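**Student:**
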Amino acid sequence: MKKLLSKWLMGDVVEKHTTKADFNTVIETLGEVIKDNNFGIVATHDMRETYTSKNLSVADDFEYKIIHLCNAPKSHKALTELSFDMGVMMPKTIIVARENGTTSLRFMRMKPWMVSMMFPEIDIVPLSKKVTGTMEKIVKETIQKVNNK
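Quick note: the sequence shown uses this note's numbering, first residue 164, plus one each step.
#1: Which of the three DSSP states is assigned to residue 176 in this structure?
#2: Pull up the distance between the alpha-carbon of residue 199 and that of residue 299, whole angstroms please.
#3: Hey, is the region 280 to 291 in contact with the region 185 to 194, meaning 3+ C-beta pairs nearer than 8 Å?
#4: Does the beta-carbon of residue 247 have 16 or more other beta-carbons within 10 angstroms, so that it is buried, or is it exposed?
#5: Nearest to residue 206 by CA position, among 226, 257 and 295, is which residue?
#6: Whole beta strand (DSSP E) runs in the region 199 to 245 with 3 or more residues, listed along the chain?
#7: Could you work out which residue in 250, 254 and 306 is closest to residue 179 when comparing CA atoms only?
#8: Would residue 310 pass as a contact of residue 182 if the rule is Cβ separation under 7 Å?
#9: By the three-class DSSP mapping on this structure, what secondary structure does residue 183 have?
#10: Taking the alpha carbon of residue 233 as the reference point, which residue from 254, 259 and 242 has its own alpha carbon closest?
#11: Using the three-state DSSP reduction, which class does residue 284 fall into: helix, strand or coil?
#12: Are residue 266 and residue 202 touching if we call contact CB-CB under 7 Å?
#13: Along the chain, where does the beta strand (DSSP E) containing residue 259 start, and where does it finish?
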């Protein structure tokens with residue numbers, strides 16, 4: 164019941180797209196698409212590297228990277244003109260993972276009304292829709308480009 168209610172109320176919070184393309188090809192293409200959309204990669208967390216450095220075992224085919232991206236002028240505007248609290252929504256994150264012979268890209272698709280509840284003093288819905296649209300565009304363009312290679 165809880166899962167059904169959550170799905171009805173919030174929808175799919177994690178949006179996932181998959182491709183048969185090689186993991187490294189997806190990572191490389193994602194970087195290009197991020198740049199083409201006026202964002203920059205501010206950090207990449209390689210979870211294989213993190214886990215193995217802590218002597219945690221991972222499968223031979225385990226690939227999982229967390230890509231943090233930012234549009235500096237827009238994030239600056241959000242923090243300096245809207246609210247410092249906006250920082251909890253930054254940077255944006257795209258996960259690239261290899262599983263069951265496919266490479267997946269995931270990002271958090273926050274419903275605009277959910278974001279508006281987090282920041283009731285700000286008319287955040289238009290910005291939330293735009294940011295979610297840009298994240299979706301980046302992921303879909305990446306999938307399209309790797310599938311056409």
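C-beta: ideal position from N, C-alpha, C; glycine also.
It should be emphasised that the depicted structure is a prediction, and the values quoted were computed from it without experimental measurement.
**Tutor:** So, to answer that:
#1: For the purposes of this step, residue 176 is taken as the residue at position 13 of the sequence shown. Here residue 176 sits in coil by DSSP.
#2: As a first step, residue 199 is located in the sequence shown; it is residue number 36 there, counting from the start. As a first step, residue 299 is located in the sequence shown; it is residue number 136 there, counting from the start. Straight-line Cα distance between these residues: approximately 14 Å.
#3: no
#4: Against the sequence shown, residue 247 aligns to sequence position 84. Flag for residue 247 reads exposed.
#5: Taking the first residue of the sequence shown as 1, we reach residue 206 at position 43. The candidate whose alpha carbon is nearest that of residue 206 is 257.
#6: 203 to 209 and 226 to 233
#7: By one-based count along the sequence shown, residue 179 stands at place 16. It is 306 whose Cα lies nearest to the Cα of residue 179.
#8: Within the sequence shown, numbered from 1, the residue matching residue 310 stands at position 147. Within the sequence shown, numbered from 1, the residue matching residue 182 stands at position 19. Yes. Within cutoff.
#9: Position 20 of the sequence shown holds residue 183. Of the three classes helix, strand and coil, the one that applies to residue 183 here is coil, per DSSP.
#10: Against the sequence shown, residue 233 aligns to sequence position 70. Considering only alpha carbons, the answer is 254.
#11: Stepping through the sequence shown from its first residue, residue 284 is reached at position 121. Residue 284: coil per DSSP, three-state reduction.
#12: Numbered from its first residue, the sequence shown carries residue 266 at position 103. Numbered from its first residue, the sequence shown carries residue 202 at position 39. No, they are not a contact pair.
#13: The residue labelled residue 259 in the question sits at position 96 within the sequence shown. First-last of the beta strand (DSSP E) with residue 259: 255 to 262.
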